[in-house]
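Undergrad: Here our numbering is used: the first residue of the sequence shown is 10, the next is one more, and so on. Cβ atoms here follow ideal geometry from the backbone N, Cα and C, with glycine treated the same way. One structure is given below, represented as structure tokens, and several questions about it will come after.
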Amino acid sequence: MLNFEPNPKNRLYTNLNSYLMFLGYILGGRLRQDSKNIEVFEQALRDRVATDYAVCVYQCRLGIYLAVKALIKPGQEVILSSYTMTDIINMVIFAGGRPVFADVDLETCNIAVAELERLITPNTGAVLITHLHGLAVEAHRIKEICDRFKIPLIEDAAQSFGVKEQGKAVGTIGDVGVFSFEMHKNMPTFLGGAVVTNRADVVENIRAELSDFSYPALPGIANKVKKGAIHDIASLPILFQLLTYPIIRFSYLNDFEFINRRVRRNPQESKPAAELPDVYKSQYTPFQARLGLSQMKNVDRDIQARIEYAHIYYEGLKDLDQLILPPLRADGSHTYLWFPILYDRRDELLRFMFDRGRDIAAGHFTNTADLPQFQEFYRDCPNSRKVERALIYLPTYPSYSRREVEKNIEVIKQYFATKVTSTHVQAQDFMPEVSVRL
Ligand SMILES: Cc1ncc(COP(=O)(O)O)c(C=O)c1O
């Protein structure tokens, strides 16, 4: 079988059908019609995650805003993971909350439970946990803590649709959960998300807020579809090998920022504002709901493939003490949207890998606790700072080839072998903080 090497670091979970469906809706002038599709998709989501209510939203972050707003009183604290997307912190602030940054565990990059418990005060209005990289947080344990203090729990399950903790779908363990169907996620509808909950009062509140919003203008959705198409075409195996990758590789190795900036994923971020900017005040469209419905059937198959790749990475890398690996689980609680590893000299390793023809990404979120715009809420979160500096995403998407996974392992091992045999090994190559596996 033909194998185009290297495979790209990421490919979207969109398919030809996604684009044909969009064209069909545009040509038929039906983008905002067939609102029944939304009811059908919401029903399918409810059945899939076993919850009483599901409400589709324009973006996951809007769902987080709506959930926080529905659950807290203005001025209350929201304890959340410091390693996340900046806009999530903005949403909490727009909703009237005061973010309280909790540090993360290095192995999972997820909120550290003991720290979360210590941060609870009489002014805590909610806890917001993030199931990052398809690795479930210990949500049942956190729910018990929240129940003890009578604090609602919100789950940001943007990266974890289809993940279960103790047999229950993440997103449904706390009071409210939010999924993302944005184009890089595992059930993409180009843009969008859903709020799930068993609480009628929360749904009522959210539906009332959404009723003031209208469907987005066509260019908004079309622009996302166009970005998806460009990504899908540029990462087509043959084109990627012949054209896209040589450009990416050259730019990376020569610090050609003009291109690097375009290849890096820069999560969208709102500007500082006193309240939710108008750009978020839109509704999920019937076209997207139809697409989501058609994507849902692939979710479990794709998860299985990612878990298998995670196994291979784990077995291949577990003896390299300088790396921090995620825990290996096969119970459905860890589904590895990527295989996230930490290494202190990340840029050196990435350079080595690009030099040997690999295409690998660095983590793209930040330690939001350190950001100047959130200085008022500053807390020292050293693990989160380290994750920002050290996170590498090893690809696990289903159409990535097994041979590529093995090559990545091989090249990482070569890197560490050259370091051990080098007569110029520097003491800082083996910084004690990363040699400790938690
Ligand atoms: C952890 C996390 N939370 C929230 C979001 C926001 O999702 P959306 O772009 O649908 O608003 C993302 C998107 O990347 C995410 O990764």
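I'd like to confirm the pairing. Which residues does DSSP put opposite Asp165 in its beta bridges?
TA: Numbered from 1 along the sequence shown, position 156 holds the residue referred to as residue 165. Paired residue(s): Thr139 and Val187.
Undergrad: Quick check: Glu191 and Cys69, are their CB atoms within less than 8 Å of each other?
TA: The residue labelled residue 191 in the question sits at position 182 within the sequence shown. The residue labelled residue 69 in the question sits at position 60 within the sequence shown. In this structure, Cys69 lies closer than 8 Å to Glu191 by Cβ.
Undergrad: Nearest-angstrom Cα distance between Val396 and Val146?
TA: By one-based count along the sequence shown, residue 396 stands at place 387. By one-based count along the sequence shown, residue 146 stands at place 137. The straight-line gap from Cα to Cα measures roughly 16 Å.
Undergrad: What residues match up with Lys18 in a beta bridge as DSSP calls it?
TA: Within the sequence shown, residue 18 is the residue found at index 9, counting from 1. Paired residue(s): none; Lys18 is not in a bridge.
Undergrad: Kindly examine ligand 1 and report whether one of its heavy atoms sits closer than 7 Å to the Cβ of Met94.
TA: As a first step, residue 94 is located in the sequence shown; it is residue number 85 there, counting from the start. Checking every heavy atom of ligand 1 against the Cβ of Met94, one is found closer than 7 Å.
Undergrad: For a quick check, are the C-beta atoms of Phe110 and Phe374 less than 8 Å apart?
TA: Counting from 1 along the sequence shown, the entry for residue 110 is found at position 101. Counting from 1 along the sequence shown, the entry for residue 374 is found at position 365. Contact: no.
Undergrad: With hydrogens ignored, establish whether the beta-carbon of Ala167 is closer than 7 Å to any heavy atom of ligand 1.
TA: Indexing the sequence shown from 1 puts residue 167 at position 158. Yes, Cβ of Ala167 sits closer than 7 Å to a heavy atom of ligand 1.
Undergrad: Pull up the CB-CB distance for Pro225 and Ser279, whole angstroms please, since I reckon it's below 8 Å.
TA: Within the sequence shown, residue 225 is the residue found at index 216, counting from 1. Within the sequence shown, residue 279 is the residue found at index 270, counting from 1. At roughly 16 Å, the Cβ-Cβ gap does not stay under 8 Å, so Pro225 and Ser279 are not in contact.
Undergrad: Where Pro228 and Thr294 are concerned, what is the direct C-alpha to C-alpha distance, given to the nearest angstrom?
TA: For the purposes of this step, residue 228 is taken as the residue at position 219 of the sequence shown. For the purposes of this step, residue 294 is taken as the residue at position 285 of the sequence shown. Each residue's Cα considered, the two are about 13 Å apart.
Undergrad: Given that a residue counts as buried once 16 or more other Cβ atoms are within 10 Å of its Cβ, and exposed if not, what is Val113?
TA: Within the sequence shown, numbered from 1, the residue matching residue 113 stands at position 104. Counting Cβ neighbours within 10 Å, Val113 comes out buried, since at least 16 surround it.
Undergrad: Give the DSSP-derived three-state secondary structure of Ile129 in the structure shown.
TA: Within the sequence shown, the letter at position 120 stands for residue 129. Three-state result, Ile129: coil.
Undergrad: What number of angstroms, rounded off, separates the C-alpha of Asn376 from the C-alpha of Val429?
TA: Taking the sequence shown and counting its residues from 1, one reaches residue 376 at position 367. Taking the sequence shown and counting its residues from 1, one reaches residue 429 at position 420. Taking the straight line from one Cα to the other gives about 31 Å.
Undergrad: Less than 8 Å between the C-beta atoms of Tyr402 and Pro349, yes or no?
TA: By 1-based counting over the sequence shown, the position of residue 402 is 393. By 1-based counting over the sequence shown, the position of residue 349 is 340. Closer than 8 Å, so yes.
Undergrad: Below 7 Å CB to CB, which residues in the same chain sit around Met305 once its five sequence neighbours on both sides are set aside?
TA: Position 296 of the sequence shown, counting from 1, holds the residue named residue 305. Excluding positions up to five away in sequence, the list reads Ala53, Arg57 and Met196.
Undergrad: Does the distance from the CB of Ile333 to the CB of Glu116 come in under 8 Å?
TA: In the sequence shown, the residue the question calls residue 333 occupies position 324. In the sequence shown, the residue the question calls residue 116 occupies position 107. Result yes, Cβ atoms of Ile333 and Glu116 sit closer than 8 Å.
Undergrad: May I have the straight-line CA-CA distance separating Phe188 from Val205, to the nearest angstrom?
TA: As a first step, residue 188 must be located in the sequence shown, where it is residue number 179. As a first step, residue 205 must be located in the sequence shown, where it is residue number 196. Each residue's alpha carbon lies about 8 Å from the other.
Undergrad: For Glu317, which of Ser91, Pro255 and His343 has the nearest alpha-carbon?
TA: Taking the sequence shown and counting its residues from 1, the one referred to as residue 317 is at position 308. It is His343.
Undergrad: Is it buried or exposed, Phe31, if we count other Cβ atoms within 10 angstroms and call 16 or more buried?
TA: Here residue 31 corresponds to residue number 22 of the sequence shown, with the count starting at 1. So Phe31 counts as buried.
Undergrad: Buried or exposed, going by whether 16 or more other CB atoms sit within 10 Å of the CB of Arg216?
TA: Counted from its first residue, the sequence shown places residue 216 at position 207. By the neighbour-count rule (16 or more Cβ atoms within 10 Å), Arg216 is not buried but exposed.
Undergrad: If you draw a straight line from the C-alpha of Lys78 to the C-alpha of Ala399, how long is it?
TA: Counting from one through the sequence shown, the residue named residue 78 turns up at place 69. Counting from one through the sequence shown, the residue named residue 399 turns up at place 390. Distance between the alpha carbons of Lys78 and Ala399: 34 Å.
Undergrad: Give me, in chain order, the residues of the same chain whose beta-carbon lies closer than 7 Å to that of Lys152; leave out the 5 immediate sequence neighbours on both sides.
TA: For this step, residue 152 is matched to residue 143 along the sequence shown. The residues are Leu162, Ile182 and Gly183.
Undergrad: Per DSSP, which residues does Tyr480 bridge with? Please list them.
TA: In the structure as shown, the chain starts at 10 and stops at 447, and residue 480 therefore has no counterpart that could be examined.
Undergrad: Which residue spans inside the stretch 18-82 form an unbroken alpha helix (DSSP H) run of at least 4?
TA: Correct list: 25-36, 45-58 and 69-80.
Undergrad: Going straight from the alpha carbon of Leu358 to that of Tyr424, what length do you get?
TA: Against the sequence shown, residue 358 aligns to sequence position 349. Against the sequence shown, residue 424 aligns to sequence position 415. Cα to Cα, the separation comes out at about 7 Å.
Undergrad: Measure the alpha-carbon distance for Asp330 versus Ala59 and round it to whole angstroms.
TA: In the sequence shown, residue 330 corresponds to position 321, counting from 1. In the sequence shown, residue 59 corresponds to position 50, counting from 1. Their Cα atoms are separated by approximately 41 Å.
Undergrad: Based on Cα-Cα distance, which residue from Ala231, His193 and His140 lies nearest to Gln277?
TA: For the purposes of this step, residue 277 is taken as the residue at position 268 of the sequence shown. Of the listed residues, the one whose Cα sits closest to Gln277 is His193.
Undergrad: Quick check on DSSP: helix, strand or coil for Met440?
TA: As a working note, residue 440 is residue 431 in the sequence shown. Reliability of the predicted coordinates at Met440 is poor, the pLDDT of 45 falling under 50, and no value is obtained from them.
Undergrad: Could you tell me whether the Cβ atoms of Ile160 and Val179 are closer together than 8 Å?
TA: Stepping through the sequence shown from its first residue, residue 160 is reached at position 151. Stepping through the sequence shown from its first residue, residue 179 is reached at position 170. In this structure, Val179 does not lie closer than 8 Å to Ile160 by Cβ.
Undergrad: With respect to 7 Å, is the separation between the Cβ of Gln68 and the closest non-hydrogen atom of ligand 1 below this value?
TA: Indexing the sequence shown from 1 puts residue 68 at position 59. Answer for Gln68: yes, Cβ within range of ligand 1.
Undergrad: Please state whether DSSP places Phe110 in a helix, a strand or coil.
TA: By one-based count along the sequence shown, residue 110 stands at place 101. Of the three classes helix, strand and coil, the one that applies to Phe110 here is strand, per DSSP.
Undergrad: Quick one: give me the first and last residue of the beta strand (DSSP E) that Thr253 is part of.
TA: The residue you call residue 253 lines up with position 244 of the sequence shown. Where Thr253 is concerned, there is no enclosing beta strand (DSSP E), given that its DSSP letter is neither H nor E.
Undergrad: What did DSSP end up calling Thr427 once you bin it into helix, strand or coil?
TA: To locate residue 427, count along the sequence shown from 1; it is residue 418. Three-state DSSP puts Thr427 in a helix.
Undergrad: Please identify the residue among Val122, Gly201 and Pro17 whose C-alpha is closest to the C-alpha of Tyr289.
TA: Locating residue 289 in the sequence shown gives position 280, counting from the first residue. Looking at the Cα atoms, Gly201 is the closest of the given residues.
Undergrad: If you draw a straight line from the C-alpha of Ala298 to the C-alpha of Asp328, how long is it?
TA: Counting from one through the sequence shown, the residue named residue 298 turns up at place 289. Counting from one through the sequence shown, the residue named residue 328 turns up at place 319. Each residue's alpha carbon lies about 45 Å from the other.
Undergrad: Is any non-hydrogen atom of ligand 1 found closer than 7 Å to the C-beta of Gly106, if you look at the structure I gave you?
TA: Residue 106 sits at position 97 when you count from the first residue of the sequence shown. No; taking the cut-off as 7 Å, the Cβ of Gly106 has no heavy atom of ligand 1 nearer than that.
Undergrad: Is Pro7 a contact residue of ligand 1, with contact defined as CB to any heavy atom under 7 Å?
TA: In the structure as shown, the chain starts at 10 and stops at 447, and residue 7 therefore has no counterpart that could be examined.
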